[in-house]
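In my numbering, the protein residues as written are 4 to 138.
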């Protein structure tokens with residue numbers, strides 16, 4: 004029997020003074036998404052998060068904390084992935100690079116559509132967590 008395993012990925016919620024950074028994906032599945040991607044062999048989750056943020060947004064990020072892990076087998080239509088989400092901060096102007104067709108800074112009240120993967124759920128969880136933390 005062939006054994007198969009989910010692939011580890013990371014996603015980064017990059018906070019700026021004006022909102023969070025989302026990219027519009029250049030490749031399928033299309034839509035807006037958190038910056039992120041696959042963890043390379045020999046790389047830690049944290050290293051992957053910093054690398055993916057730079058590759059897709061041109062931003063050097065500082066990871067503030069690990070937010071949550073999402074493991075629903077259907078979260079990525081390309082196959083079973085498990086993502087660890089980090090919250091980071093960055094200064095500077097984001098520029099779309101690598102797999103990003105476009106980039107923007109958004110708040111909870113002006114999120115773009117469609118949102119790829121399960122990132123809408125991740126963003127709902129994040130904004131709910133931010134509200135609880137603020138109160």
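Beta carbons are placed, not taken as given, at the ideal position from N, Cα and C, and that holds for glycine.
- Task: Could you tell me the distance, in whole angstroms, from the CA atom of residue 27 to the CA atom of residue 137?
- Result: 29 Å
- Message: Taking the beta carbon of residue 87 as the centre, do at least 16 other beta carbons fall within 10 Å, making it buried, or is it exposed?
- Response: buried
- Item | Backbone secondary structure at residue 33 - three-state DSSP | coil
- Message: For residue 122, report the span of its alpha helix (DSSP H) as first-last.
- Response: 122-137
- Message: Please classify residue 40 as buried or exposed, where buried requires at least 16 neighbouring CB atoms within 10 angstroms.
- Response: It counts as buried.
- Message: On a Cα-Cα basis, can you pick out the residue from 129, 75, 34 that is closest to residue 85?
- Response: 75
- Query: What residues in its chain sit with their C-beta under 7 Å from that of residue 49, if we drop five residues either side in the sequence?
  - Reply: Only residues of its own chain outside the window of five on either side were considered, and among them 66 have a CB closer than 7 Å to the CB of residue 49, listed in chain order.
- Query: Does the count of Cβ pairs from the region 52-60 and the region 97-111 closer than 8 Å reach three?
  - Reply: The region 52-60 is in contact with the region 97-111.
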